[in-house]
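Working notes, structure below.
In the numbering used here, the protein residues as written are 97 to 266.
Now the structure itself:
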């Protein structure tokens, strides 16, 4: 089971636990995990969670918070919430995710650096282009070579229809 499938263990929950763990003193990942355990126990969510998987997800959330300057690392294992982090915790008491963090230029710059590879090409773009070309070659919409109820079929059809509508506008 993926960690996101567990109630109270979504990215926003992890961020809140980290911010609360470092709010009044130096916080640690273990303290954040303990806060999450207490929240889950209060909600009677007692399904076992892989500690290594939780630690990996908490570490990812911590890196995001450091990049957005919501927490400062004090040493290799401890961190403290920043004034910016306190403000965000006050403004978003139910959770903070990347959509909030993207409001900070430091976080956006960090995301660009760590995501330096271009996104993968949409595999369906090829089928869309083939559908477009099929229309231009006079092939009918019913001649879609892909199986119904597949993404490829829909992409080919979308390409064919786009070419059809563009041709009608001219």
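Just so it is clear, CB atoms sit at the ideal spot from N, CA and C, and this is done for glycine as well.
Quiz item: Given a threshold of 16 other Cβ atoms within 10 Å of its Cβ, counted over all protein chains shown, does residue 190 qualify as buried or as exposed?
Solution: Numbered from its first residue, the chain shown carries residue 190 at position 94. Residue 190 comes out exposed.
Quiz item: Near residue 113, which residues of its chain fall below 7 Å by C-beta distance, leaving aside the five closest residues on each side in sequence?
Solution: Within the chain shown, residue 113 is the residue found at index 17, counting from 1. If we look at residue 113 and ignore the five residues flanking it on each side, its Cβ neighbours are 128, 131, 132.
Self-check item: Reduced DSSP category for residue 168 - H, G, I as helix; E, B as strand; rest coil
Solution: For this step, residue 168 is matched to residue 72 along the chain shown. Strand, per DSSP.
Practice problem: Could you give the DSSP three-state label for residue 236: helix, strand or coil? | Solution: For the purposes of this step, residue 236 is taken as residue 140 along the chain shown, with counting starting at 1. Three-state DSSP puts residue 236 in coil, outside helix and strand.
Quiz item: Just to confirm, are residue 181 and residue 154 a CB contact at a threshold of 8 Å?
Solution: Position 85 of the chain shown, counting from 1, holds the residue named residue 181. Position 58 of the chain shown, counting from 1, holds the residue named residue 154. Against a cut-off of 8 Å, the Cβ pair of residue 154 and residue 181 comes out as no contact.
Exercise. Excluding the 5 residues preceding and the 5 following residue 220 in the sequence, name in chain order all residues of the same chain whose CB lies nearer than 7 Å to its CB.
Key: Sequence index remark: in the chain shown, residue 220 carries index 124 (1-based). In its chain, beyond the 5 residues on either side, 247, 248, 251 have a beta carbon closer than 7 Å to the beta carbon of residue 220.
Quiz item: Who are residue 176's beta bridge partners in DSSP?
Solution: On the chain shown, residue 176 is found 80 positions in, with the first residue counted as 1. In DSSP, residue 176 forms a bridge with 168.
Quiz item: According to DSSP, is residue 181 helix, strand or coil?
Solution: As a position in the chain shown, residue 181 is number 85, starting the count at 1. Helix, per DSSP.
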